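Asks: Residue numbers (my numbering), protein chains in the order written: chain A, 1 to 272; chain B, 1 to 234.
My structure is below; once you've seen it, I'll send some questions.
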Amino acid sequence: MTLSATDVSVGFDGQQVLQSVSVDVEPGEVLTVVGPSGTGKTTLLRLLALFRRPESGTITWNDTDLWALSDEERLRFRRRLSMVFQEPSLFNAPVHRNVTYGMRVRRSWSERLATGLREFVGGPSLSDRVETALEVVGLTDKLDQNALSLSGGEAQRVAFARALALDPDVMLLDEPTSNLDPRNTAVLEEAIHSARDRGVGVIVASHDMHQAERLSDRVAFILDGEVVETGPPGRIFESPRDPRTARFVDGELMYEGDEEGGIQATERSPSP
Amino acid sequence: MVAPLVQFADGGWTYVISIIVVSLKVSLTAVGLSTLFSLPVALLIAFTDFPGKRTVTAIINTGMGFPSVVVGLVVLMALSNSGPFGELGLAFTPEAMIVSQFILATPVLMSVSLSAVEAVGKPVRDAAYAMGGTPVDVGLVVIKEARYGIITAILAGFGRAISEVGSILIVGGNIVFSGGESYTRTLTTAITVEARQGRYEIGLVLGVILLALVFVVNGLGSWIRSKGRGERSA
């Protein structure tokens, strides 16, 4: 069950954002795509989540080209993935409705109606998976609270629980701890490792090298829409082969612009 | 023996109740059909890019100011015996009034719904898609997120329909059966009749009933919206 992007390229408004990028994740592996902000990490995750078709290259699940399938067949594969965004993007509904959303859309319309009626009569009916997912992020006490009234950190944890509850084969996590304090960052990192140990393939996009070191089995360093090098975190961060990786590791590269606009890596000006 | 404050035409309260029923039946049906039509169209316009999108939006907004008598005239021409839909025999029926109210309510409903669904951010749609939602599921999430704006749109459409007089007078004919029961007479058209005959006090009573109906419907909408605000801050 390897999810792969092979030689994928994509652009927006005439700007090339990804150029011939290849990454893959095996079951039970954490791959962190690391690089400065605005280098195409989110775009790569969105391609892997099948939000859009790459302009060239393929997204495959084992040997199945997912964009060669019909919409219906692709939906079956899409439902084996889950994604957490940098912004939690929760719905204006109680936490339990947010976490059960993915499960509800996987049911037939008649089952959805029956569940809706059951909930209307007897309150929320949660599966073990939902309770476990909320337990993992320590938010079982927020079950009935409206998701829009949560703090940024709580919302991010609910977004993670929502993805975890789907029991996916592959999780795509875009800066999953950007809103979290150190304690909750540790909770989420532990949850990511626990998912990996259950055989889930995890791809994390992060600009945080230390987190990449803690989390990853492999790191792909991305710059200017290209994967510069891939390897174990120890090797990438301690003895990078590409001089651009070395400059990033040494804190000499900074980034300007946004992901879908004109982005350029620039040398950081030397301190006076 | 105390004289009644107002003396209705033939049929008394039967007459009044029948015009209330016709008013509500015509307006609620028109607004219901308009909602079923406007919501999917608003979603389609909001979330697809096509050439002329801004022009289409401008036309919808312009439609909010359609003069109702012109709409009535066009609908009557279309439904009259010599018109393209004359064979349906709908001229001077409640169905013709529903058609004209549908045309008047739709731009209001669509324009306000469009603003409401456009306000639902792309991240929410992306989240629904990423959780395995089909395009229909994503559309339903957007409708649910925009529910309070959509309720406002429905109320605005209902307000436009129930208070309308020009077009339904033309296409409905303001008909009352000989027993005093309304066929196509509504509260608004009844008020014009009473005013023309100088029976202002009866016109005023009908006006108060009309206002009460609008108040009840809007009060219901406000209650639903306030319930939503309560949910958010819970």
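Beta carbons: idealized from backbone N, C-alpha and C, even for Gly.
Everything numeric in this text was worked out from a predicted model, so none of it was measured.
Can a CB atom of chain B be found closer than 8 Å to the CB of A/Asn-62?
Replies: In the first sequence, counting from the first residue as 1, residue 62 of chain A sits at position 62. No, A/Asn-62 does not count as interfacial toward chain B.
Asks: Grouping DSSP H, G and I as helix and E and B as strand, with all else coil, what is A/Arg-218?
Replies: The residue you call residue 218 of chain A lines up with position 218 of the first sequence. Strand.
Asks: Can you give the beta carbon distance from B/Ser-34 to B/Thr-186, rounded, assuming they're within the 8 Å contact cut?
Replies: Working through the second sequence from its first residue, we reach residue 34 of chain B at position 34. Working through the second sequence from its first residue, we reach residue 186 of chain B at position 186. Their Cβ separation, rounded to whole angstroms, is 17 Å, which puts B/Ser-34 and B/Thr-186 out of contact at 8 Å.
Asks: May I have the straight-line CA-CA distance separating B/Val-165 from B/Arg-196, to the nearest angstrom?
Replies: The residue you call residue 165 of chain B lines up with position 165 of the second sequence. The residue you call residue 196 of chain B lines up with position 196 of the second sequence. Approximately 14 Å between the Cα atoms of the pair.
Asks: Excluding the 5 residues flanking A/Val-136 on each side, which residues of the same chain have their C-beta closer than 7 Å to its C-beta?
Replies: In the first sequence, the residue the question calls residue 136 of chain A occupies position 136. Cβ neighbours of A/Val-136 beyond the five flanking positions: Ala-161, Leu-164 and Ala-191.
Asks: Starting from A/Thr-32, trace the beta strand (DSSP E) both ways and give me its first and last residue.
Replies: Reading the first sequence from its first residue, position 32 is the one you call residue 32 of chain A. Segment 30 to 34, the beta strand (DSSP E) holding A/Thr-32.
Asks: Could you check where the alpha helix (DSSP H) with A/Met-103 kicks off and where it finishes?
Replies: Within the first sequence, the letter at position 103 stands for residue 103 of chain A. A/Met-103 -> alpha helix (DSSP H) spans 95 to 105.
Asks: Where do the ends of the alpha helix (DSSP H) carrying A/Gln-156 lie?
Replies: Indexing the first sequence from 1 puts residue 156 of chain A at position 156. Unbroken alpha helix (DSSP H) run through A/Gln-156: 152 to 164.
Asks: Quick one: is B/Met-298 near chain A, going by C-beta distance under 8 Å?
Replies: The question about residue 298 of chain B has no answer here: the residues shown for chain B are numbered 1 through 234.
Asks: Taking DSSP as the reference, what is the three-state secondary structure of A/Glu-238?
Replies: By one-based count along the first sequence, residue 238 of chain A stands at place 238. The answer is helix: DSSP assigns A/Glu-238 an H, G or I state.
Asks: Measure from the alpha carbon of B/Tyr-129 to the alpha carbon of each residue in A/Arg-129, A/Ser-127, A/Arg-106 and A/Lys-142, then state which is nearest.
Replies: By one-based count along the second sequence, residue 129 of chain B stands at place 129. If we check each option's Cα against that of B/Tyr-129, A/Arg-106 comes out closest.
Asks: So, for B/Ala-116: in the same chain, excluding its five sequence neighbours on each side, which residues have a beta-carbon less than 6 Å away from its beta-carbon?
Replies: Along the second sequence, one-based indexing puts residue 116 of chain B at 116. Same-chain partners within the cutoff: Ala-146, Gly-149 and Ile-150.
Asks: Quick one: what's got a C-beta closer than 6 Å to B/Gly-157's C-beta in the same chain, skipping five residues either side?
Replies: Locating residue 157 of chain B in the second sequence gives position 157, counting from the first residue. Cβ-Cβ distances below 6 Å link B/Gly-157 to Val-31, Ser-34, Ala-105, Val-108 and Leu-109 in the same chain, with the five nearest sequence neighbours on each side left out; the list follows chain order.
Asks: With a threshold of 6 Å on Cβ separation, who are the neighbours of A/Ser-56 within its own chain once the five nearest residues in sequence on each side are excluded?
Replies: Numbered from 1 along the first sequence, position 56 holds the residue referred to as residue 56 of chain A. Around A/Ser-56: Ser-9.
Asks: Within its chain, find whatever has a CB closer than 6 Å to the CB of A/Pro-88; leave out the 5 residues flanking it on each side and keep chain order.
Replies: In the first sequence, the residue the question calls residue 88 of chain A occupies position 88. Counting only Cβ-Cβ distances below 6 Å, and skipping sequence neighbours, we find Ala-155, Gln-156 and Ala-159.
Asks: According to DSSP, simplified to helix, strand and coil, what is B/Val-193?
Replies: On the second sequence, position 193 is the one that residue 193 of chain B refers to. In the structure shown, B/Val-193 sits in a helix (DSSP, three-state: H, G or I).
Asks: Within 10 Å of its beta-carbon, does B/Phe-177 have 16 or more other beta-carbons around it, so buried, or fewer, so exposed?
Replies: Translated into the one-based positions of the second sequence, residue 177 of chain B becomes position 177. Exposed is the call here.
Asks: Within 8 Å (strictly less), CB to CB, does A/Ala-195 reach chain C?
Replies: Going by chain labels, chain C is absent from the structure shown, which instead holds the protein chains A and B.
Asks: Using a C-beta cutoff of 8 Å, does B/Asp-49 count as contacting chain A?
Replies: By one-based count along the second sequence, residue 49 of chain B stands at place 49. No - not a single Cβ of chain A is within 8 Å of the one on B/Asp-49.
Asks: On the DSSP letters alone, give me the boundaries of the alpha helix (DSSP H) that B/Gln-101 sits inside.
Replies: In the second sequence, the residue the question calls residue 101 of chain B occupies position 101. Its alpha helix (DSSP H) spans residues 94 to 118.
Asks: Measure the alpha-carbon distance for A/Ser-127 versus A/Ser-151 and round it to whole angstroms.
Replies: For the purposes of this step, residue 127 of chain A is identified with residue 127 of the first sequence, where counting begins at 1. For the purposes of this step, residue 151 of chain A is identified with residue 151 of the first sequence, where counting begins at 1. Distance between the alpha carbons of A/Ser-127 and A/Ser-151: 25 Å.
Asks: What does B/Glu-252 touch in chain A if you count any residue whose Cβ is under 8 Å from its own?
Replies: Outside the shown range of chain B, which is 1 to 234, sits residue 252 of chain B, and nothing can be said about it.
Asks: Give me the DSSP bridge partner(s) of A/Ile-203.
Replies: Mapped onto the first sequence, residue 203 of chain A falls at position 203. DSSP, once it has assigned bridges, lists A/Leu-31 and A/Leu-172 as partnering A/Ile-203.
Asks: For A/Asn-62, which three-state DSSP category applies?
Replies: Taking the first sequence and counting its residues from 1, one reaches residue 62 of chain A at position 62. If DSSP states are grouped into helix, strand and coil, A/Asn-62 belongs with coil.
Asks: Could you check whether the Cβ of A/Leu-117 sits closer than 8 Å to any Cβ belonging to chain B?
Replies: Position 117 of the first sequence, counting from 1, holds the residue named residue 117 of chain A. No, A/Leu-117 lies away from the interface with chain B (no Cβ there is under 8 Å from its Cβ).
Asks: Can you have a look at A/Ala-5 and say buried or exposed, based on whether 16 or more other CB atoms are within 10 angstroms of its CB?
Replies: Numbered from its first residue, the first sequence carries residue 5 of chain A at position 5. Answer is buried; the Cβ neighbour count reaches 16.
Asks: With distance defined between alpha-carbon atoms, name the residue in A/Arg-97, A/Val-33 and A/Leu-134 nearest to A/Gly-116.
Replies: For the purposes of this step, residue 116 of chain A is identified with residue 116 of the first sequence, where counting begins at 1. Comparing Cα positions, the closest option is A/Arg-97.
Asks: Give a yes or no on whether 8 Å exceeds the smallest Cβ distance from A/Leu-75 to chain B.
Replies: Locating residue 75 of chain A in the first sequence gives position 75, counting from the first residue. Answer yes: the Cβ-Cβ gap between A/Leu-75 and chain B drops below 8 Å somewhere.
Asks: For B/Met-64, write down the residues that DSSP places opposite it in a beta bridge.
Replies: Counted from its first residue, the second sequence places residue 64 of chain B at position 64. Per DSSP, none; premise fails for B/Met-64.
Asks: What is the residue span of the alpha helix (DSSP H) that B/Ser-167 lies within?
Replies: In the second sequence, residue 167 of chain B corresponds to position 167, counting from 1. First-last of the alpha helix (DSSP H) with B/Ser-167: 166 to 172.
Asks: Going along chain A in order, which residues have a C-beta closer than 9 Å to the C-beta of B/Val-117?
Replies: Here residue 117 of chain B is taken as the residue at index 117 of the second sequence, counted from 1. At a beta-carbon threshold of 9 Å, none of the residues of chain A lie near B/Val-117; the nearest stands roughly 14 Å away.
Asks: Pull the bridge partners of A/Ser-4 from the DSSP assignment, please.
Replies: In the first sequence, the residue the question calls residue 4 of chain A occupies position 4. Paired residue(s): A/Asp-24 and A/Thr-60.
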